[in-house]
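Here the structure is laid out as structure tokens; the discussion comes afterwards.
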Amino acid sequence: MLEIKNLNLSFNIGLEDKKIFSNLNLHVRPEEFVIVIGGNGTGKSTLMNLISGSIFPDSGQIFIDKKDVTYCPEYKRAKYIGHLFQLPLKGTAPNMTIEENLSLAMLRNKKRTLKLCVNKNNREFFREKLLELDLNLEDRLTTKIGVLSGGQRQAVTLLMATFSEPKILILDEHTAALDPSTSEKILELTNKIVEEKKITTIMITHNLEDALRFGTRIIMLTNNNIVLDLSGEEKQNLNMEYLYKLFHS
Numbered sequence: 001m002l003e004i005k006n007l008n009l010s011f012n013i014g015l016e017d018k019k020i021f022s023n024l025n026l027h028v029r030p031e032e033f034v035i036v037i038g039g040n041g042t043g044k045s046t047l048m049n050l051i052s053g054s055i056f057p058d059s060g061q062i063f064i065d066k067k068d069v070t071y072c073p074e075y076k077r078a079k080y081i082g083h084l085f086q087l088p089l090k091g092t093a094p095n096m097t098i099e100e101n102l103s104l105a106m107l108r109n110k111k112r113t114l115k116l117c118v119n120k121n122n123r124e125f126f127r128e129k130l131l132e133l134d135l136n137l138e139d140r141l142t143t144k145i146g147v148l149s150g151g152q153r154q155a156v157t158l159l160m161a162t163f164s165e166p167k168i169l170i171l172d173e174h175t176a177a178l179d180p181s182t183s184e185k186i187l188e189l190t191n192k193i194v195e196e197k198k199i200t201t202i203m204i205t206h207n208l209e210d211a212l213r214f215g216t217r218i219i220m221l222t223n224n225n226i227v228l229d230l231s232g233e234e235k236q237n238l239n240m241e242y243l244y245k246l247f248h249s
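This is the structure we're talking about:
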């Protein structure tokens, strides 16, 4: 599904080049739910930006479904990559209504107008999907996204990112700005959607408990590369004490 080969990246900071990745290699199989952890400045979000195409590497290759997308611009990759960010408003049009935002998500890769997409059938479909969120949004289709709570916005954004069932879903600390209770609800919703739709997913988190609870695979970034990569029983048998020591070593 996703393959990164011998990837190198440096950023120019002042008079020095800071190495972010050095010959990074990563293969993500279809339907895997990969959790990415690592300290600040280890390149977690940078890796997501490389995958989504918002930045390009100095060298190396990135493949999605065996297609070389290394220097494919972000807008072209958007048709098969869903992306959620830490800030709830990012990825939505805050001055547009819930139904208009959901309609825009449905328009991805389709040559239709917004007017044609907002109709009776689609409104009923939107209500059904919003009802599944259990956030009392099903009767608020004409409410502007910008007035929703952070958790409500992030839940709607999750729906938008998965409407077209992307090949890859990127979750860049998408619950970090939420309170613990709302964060838990959004994570459970995320897990439910990922499992039901069998979407290949990569999720960044700083919460080690969440890293253990969710996902089918865990990787840790530090020192310009991957230092931990566990899946299956190895991930299931991972304990907090070991992970905490490794994280802070």
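Numbering of the sequence shown is given in UniProt numbering, commencing with residue 1 and proceeding in unit increments.
Note that the Cβ used here is the ideal one computed from N, Cα and C, for glycine as well.
Between residue i and residue j, is the Cβ-Cβ spacing less than 9 Å?
i           : j    : result
L137        : T143 : yes
I204        : K44  : yes
D58         : Y80  : no
L133        : L87  : no
T172        : L187 : The displayed chain sequence assigns Asp, not Thr, to residue 172. Not closer than 9 Å, so no.
V36         : M1   : no
residue 256 : L130 : This structure does not reach residue 256, given that the chain is present from 1 up to 249, and the question cannot be answered.
K18         : N8   : no
Q152        : L84  : no
L24         : I55  : no
L159        : L102 : yes
L169        : T201 : yes
G82         : P166 : yes
E74         : G60  : no
G146        : A177 : no
S22         : N225 : yes
V156        : F33  : no
I98         : F125 : no
F163        : M106 : yes
L208        : V227 : no
I219        : L50  : no
T42         : L221 : yes
A78         : R123 : no
For residue i, which beta-bridge partners are listed by DSSP?
i    : result
D65  : DSSP lists no partner for D65.
I204 : V36 and D172
R217 : V34 and S231
N12  : D17
E3   : H27 and F63
T70  : DSSP output for T70 lists no bridge partner at all.
With 16 other CB atoms within 10 Å as the buried threshold, where does residue i fall?
i    : result
L243 : buried
G232 : exposed
A161 : buried
M240 : exposed
H174 : buried
G38  : buried
E100 : buried
S249 : exposed
K185 : buried
F11  : exposed
T213 : Note on identity: in this sequence residue 213 is Arg, with Thr being the wrong assignment. Burial call: exposed.
S181 : exposed
In terms of residues, what are the limits of the alpha helix (DSSP H) holding residue i?
i    : result
G151 : G150 to T162
K19  : Taken as a continuous stretch (DSSP letters only), K19 belongs to no alpha helix (DSSP H), being part of the beta strand (DSSP E) at E16 to V28.
V118 : Run containing V118: none; DSSP gives neither H nor E here.
L50  : K44 to S52
V147 : Here V147 belongs to no alpha helix (DSSP H), and DSSP marks it neither H nor E.
E184 : P180 to K197
L246 : M240 to F247
If you follow the beta strand (DSSP E) that residue i is part of, which residue opens it and which one closes it?
i    : result
L228 : N225 to S231
Let me know the alpha helix (DSSP H) ranges lying completely inside the stretch 73 to 103, each 4 residues or longer, listed in chain order. The stretch 73 to 103 contains these whole alpha helix (DSSP H) runs: 74 to 77.
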